[in-house]
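Below you'll find the structure, written out as structure tokens, and then a few comments.
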Amino acid sequence: MAIRTAESTVRVVRARGGGPLAWVAFGNEFARRRWRALLCGDGGMSTAEYAIGTVAAAAFAGLLYTVVTGDSVTAALTSLVERALQSGVE
Numbered sequence: 002m003a004i005r006t007a008e009s010t011v012r013v014v015r016a017r018g019g020g021p022l023a024w025v026a027f028g029n030e031f032a033r034r035r036w037r038a039l040l041c042g043d044g045g046m047s048t049a050e051y052a053i054g055t056v057a058a059a060a061f062a063g064l065l066y067t068v069v070t071g072d073s074v075t076a077a078l079t080s081l082v083e084r085a086l087q088s089g090v091e
């Protein structure tokens, strides 16, 4: 992974005027900035973000487990499976 420094800054000079060269220069600058952001950007999470994400995922898993193992959901799933098994046998 590359590290951005003040010395690695690229200076882009646009063509003056409103002709087609101005649009080409603008498009090249946009593409260059996009590639630089993709390759050298701050795309990962820091340790604190990992910790918060892990806690949030664990909380969501606990909530989901509580909902799915509740009586109403268990009864609904059981009746759904029983109906599906009974409809196939005629």
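For the sequence shown, the numbering used here begins at 2 and goes up steadily by one. Glycine is no exception: its CB is placed at the ideal position from the N, C-alpha and C atoms.
- Task: Have a look at ILE53 and ASN29 and give me their C-alpha separation to the nearest angstrom.
- Result: In this structure, the alpha-carbon of ILE53 lies about 38 Å from that of ASN29.
- Helix or strand or just coil, what does DSSP make of THR79? Helix.
- Using three-state DSSP, classify SER73 as helix, strand or coil. In the structure shown, SER73 sits in a helix (DSSP, three-state: H, G or I).
- Query: Do you know how far the Cα of ALA77 is from the Cα of SER88?
  - Reply: Spanning the alpha carbons of SER88 and ALA77 requires a straight line of approximately 16 Å.
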